[in-house]
Amino acid sequence: MRSMIGFCTVLCLAGPSLAAGGQTFGKVSDAKAVKLSELVAKPADYLGKTVKVEGLITDVCSKRGCWIRLGGDKEFQTITFKVEDGVISFPMSVKGKRCEAEGVFTKVDLTQEEALARAKHEAEESKRPFDPKSVTGPTAVYLLKGVGAVVR
Amino acid sequence: MKWRRWNVALHRDVGYTVAALTVVYAVSGVAVNHTADWNPNYRVTREERHFTPIAVGERDPMVAELVKVLDLPGPPKEAFRSRPEVVELFYDGWSVRADATEGVATVERPRDRPVLRDFNFLHLNHPKGAWTFVADLYAAALVFMAGSGVLIARGRRSLTRRGKWWVMAGIAVPAAFVVVLRYL
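Taken in sequence, the protein lines are chains L and Y.
Sequential numbering of the first sequence, starting at 1, is according to the numbering used here.
Sequential numbering of the second sequence, starting at 1, is according to the numbering used here.
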């Protein structure tokens with residue numbers, strides 16, 4: 001019985017990564033965070049590079065936890081931090097918390113149809129009304145393809 | 001034969017051991033199979049509230065006004081605007097998204113689905129680390145259960161007689177899906 005308790009204790013301790021400074025998902029380096037406003041202002045300087053962004057988690061994929069949306073240092077600027085399904089999963093409880101997210105800064109070009117489908121899907125997922133007029137043409141979406149994040 | 005006694009005994013005891021996890025994986029499996037239709041982890045309640053539209057200006061005065069008109073329990077822990085008229089207010093475990101010009105706010109409160117969220121947590125290997133080892137052991141035990149299970153019956157019901165048809169039926173169903181959906 002004693003050995004079973006010991007085994008279970010080891011399993012539990014080796015489980016979720018709860019660093020003293022927050023909850024860690026995946027791997028995060030010690031690199032200095034770049035402001036989101038800087039990424040938005042000069043996207044070409046960062047495309048394809050691994051960057052760390054600090055921000056407020058304004059939305060979470062409620063079904064799979066496979067993305068979070070970060071609000072940056074300035075109003076009206078957000079970026080989606082997308083992780084591979086099953087590799088990292090964010091609980092909904094992280095919404096409204098501060099986060100440092102690290103990933104590859106990526107540009108995705110969408111046709112109008114793709115942009116429309118994406119906006120519709122997002123509206124449905126978050127149960128918000130969808131206005132097709134909000135998509136006026138082809139668009140480019142910037143993403144951080146996730147490596148890891150620390151939520152505080 | 002002696003090996004049959006061992007086979008039955010091991011099948012029985014390994015079966016007892018994996019019974020709980022089999023329920024966990026089976027229940028969670030059904031739950032996550034239907035992710036397109038429902039949320040297997042959370043029950044999210046959304047309450048729509050209406051208010052007299054407020055002026056769009058600086059964020060902090062808008063937040064203070066929204067707290068008042070929506071009768072919220074004090075200032076939020078965090079607030080953000082994704083658009084000038086859309087203010088998001090974040091409290092502990094719940095949030096509000098308000099459209100100042102439309103006068104509509106949605107209060108969102110996610111709650112864990114009891115037990116099911118824990119099952120999904122284990123099934124989808126969210127703990128990683130040592131749990132991966134346990135899950136691999138469980139998978140190996142299931143392979144053993146399959147192998148030992150088909151060797152239990154003797155005579156007319158053995159694997160080489162009636163049993164082989166059941167085994168083939170069990171192979172045919174997934175094989176048909178693979179052939180039809182991947183190769184035709």
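All C-beta atoms in this analysis are idealised placements derived from N, C-alpha and C, irrespective of residue type, glycine included.
Practice task
Compare the C-beta of L/Thr-171 with all C-beta atoms of chain Y and state if any pair is closer than 9 Å.
Solution key: In the structure displayed, chain L extends from 1 to 152; residue 171 of chain L sits before or after that span and is not available.
Handout entry: Selection of the stretch 99 to 118 of chain Y by Cβ proximity to chain L, strictly under 7 Å
Key = Cβ contacts with chain L: Pro-110.
Exercise for the section: Could you spell out where the beta strand (DSSP E) holding L/Thr-78 opens and where it closes? Expected result: Per DSSP, the continuous beta strand (DSSP E) segment holding L/Thr-78 begins and ends at 78 to 82.
Practice task
Would you identify the three-state DSSP class for L/Ala-31, choosing helix, strand or coil?
Solution key: Residue state, collapsed to three classes: coil.
Practice task
Would you kindly report the start and end of the unbroken beta strand (DSSP E) that includes L/Asp-109?
Solution key: For L/Asp-109, the enclosing beta strand (DSSP E) begins and ends at 98 to 110.
Exercise for the section: List the endpoints of the continuous beta strand (DSSP E) containing L/Thr-58. Expected result: Segment 50 to 60, the beta strand (DSSP E) holding L/Thr-58.
Handout entry: Interface flag, L/Gly-154 vs chain Y, CB-CB below 9 Å
Key = Limits of chain L in this structure are 1 at one end and 152 at the other, which puts residue 154 of chain L out of reach.
Exercise for the section: Give a yes or no on whether the C-beta atoms belonging to L/Glu-100 and L/Ala-33 are separated by under 9 Å. Expected result: Yes, they are a contact pair.
Exercise for the section: Helix, strand or coil for Y/Ala-105, going by three-state DSSP, please let me know. Expected result: Looking at Y/Ala-105 - three-state DSSP - the assignment turns out to be strand.
Handout entry: Amino acids of chain Y, ordered along the chain, whose beta-carbon sits closer than 9 Å to that of L/Lys-32
Key = None at all; the shortest Cβ gap to chain Y is about 23 Å.
Exercise for the section: Could you run through the stretch 28 to 43 of chain Y and flag, in chain order, every residue whose CB is less than 7 Å away from some CB of chain L? Expected result: Residues of the stretch 28 to 43 of chain Y with a C-beta atom less than 7 Å from some C-beta of chain L are Thr-35, Asn-39 and Tyr-42, listed in chain order.
Exercise for the section: Report yes if the C-beta of Y/Glu-108 is less than 8 Å from at least one heavy atom of the ligand GTP; otherwise report no. Expected result: With respect to the ligand GTP, the structure offers nothing, as it holds no ligand at all.
Handout entry: Sufficient close CB pairs (3 or more, under 8 Å) joining the stretch 49 to 60 of chain L to the stretch 82 to 95 of chain L
Key = Verdict: yes, contact present.
Exercise for the section: Below 7 Å between beta carbons is the criterion; list the residues of the stretch 84 to 116 of chain L that meet it against any residue of chain Y, in chain order. Expected result: Hits within the stretch, in order: Gly-86, Ser-89, Met-92, Ser-93, Lys-95 and Gly-96.
Practice task
Return the CA-CA distance between Y/Arg-111 and Y/Met-145, expressed in angstroms with no decimal places.
Solution key: The alpha-carbon atoms of Y/Arg-111 and Y/Met-145 are separated by roughly 37 Å.
Exercise for the section: May I have the straight-line CA-CA distance separating L/Tyr-142 from Y/Arg-83, to the nearest angstrom? Expected result: Whole-angstrom Cα-Cα distance: 17 Å.
Handout entry: Chain-ordered chain L contacts of Y/Gly-93 [CB-CB under 7 Å]
Key = Result: Ser-93.
Practice task
Apply the 10 Å Cβ neighbour rule to L/Leu-144 and answer buried if 16 or more other Cβ atoms are within range, or exposed otherwise.
Solution key: Residue burial annotation: L/Leu-144 is buried, with at least 16 other C-beta atoms found within 10 angstroms of its C-beta.
Problem - Where Y/Ile-171 sits in the DSSP three-state scheme - result: Assigned with DSSP and collapsed to three states, Y/Ile-171 falls in helix.
Handout entry: Y/Ser-95 in three-state terms, based on DSSP
Key = Residue state, collapsed to three classes: strand.
Practice task
Anything in chain Y within Cβ reach of L/Ser-62, meaning under 9 Å, just list it in chain order.
Solution key: Neighbours of L/Ser-62 in chain Y, taken as residues at a C-beta separation under 9 Å, are given in chain order as Asn-39, Asn-41, Tyr-42, Val-44 and Pro-110.
Exercise for the section: Taking Y/Leu-124 as the reference, give the member of Y/Asn-41, Y/Glu-48 and Y/Ala-153 with the closest Cα. Expected result: Relative to the Cα of Y/Leu-124, the nearest Cα in the group Y/Asn-41, Y/Glu-48 and Y/Ala-153 belongs to Y/Asn-41.
Exercise for the section: Would you verify that the beta carbon of Y/His-50 is, or is not, closer than 9 Å to some beta carbon of chain L? Expected result: False, the Cβ-Cβ gap to chain L never drops below 9 Å.
Exercise for the section: Please compile the residues from chain L whose C-beta is within a distance smaller than 7 Å of the C-beta of Y/Glu-78. Expected result: Within chain L, the residues near Y/Glu-78 are Leu-56 and Gly-96.
Practice task
Under the assumption that L/Gly-86 contacts L/Gly-146 (Cβ atoms under 8 Å), give the Cβ distance between them as a whole number of angstroms.
Solution key: Contact between L/Gly-86 and L/Gly-146 is ruled out by a C-beta separation of about 12 Å, above the 8 Å threshold.
Exercise for the section: Would you verify that the beta carbon of Y/Leu-137 is, or is not, closer than 9 Å to some beta carbon of chain L? Expected result: Output row for Y/Leu-137: interface = no.
Exercise for the section: Taking only beta-carbon positions, decide if Y/Leu-70 is within less than 9 Å of chain L. Expected result: By this cut-off, Y/Leu-70 is not an interface position.
Problem - chain L contact for Y/Phe-90 (CB, 9 Å cutoff) - result: Yes, Y/Phe-90 lies at the interface with chain L (some Cβ there is under 9 Å from its Cβ).
Problem - Residue closest to Y/Val-18, alpha-carbon to alpha-carbon, out of Y/Val-27, Y/Leu-142, Y/Arg-113 and Y/Arg-59 - result: Comparing alpha carbon positions, the residue from Y/Val-27, Y/Leu-142, Y/Arg-113 and Y/Arg-59 closest to Y/Val-18 is Y/Leu-142.
Practice task
Rounded to whole angstroms, what's the CA-CA distance from L/Val-10 to L/Gln-112? Just pull it up for me.
Solution key: Because the pLDDT at L/Val-10 is just 46, under 50, the model does not fix this residue reliably, and the value given afterwards should be weighed accordingly. Looking at the two C-alpha atoms, the distance is approximately 52 Å.
Practice task
Spell out whether any CB of chain Y is found under 9 Å from the CB atom of L/Thr-136.
Solution key: Proximity of L/Thr-136 to chain Y, defined by a Cβ-Cβ separation below 9 Å, is not satisfied.
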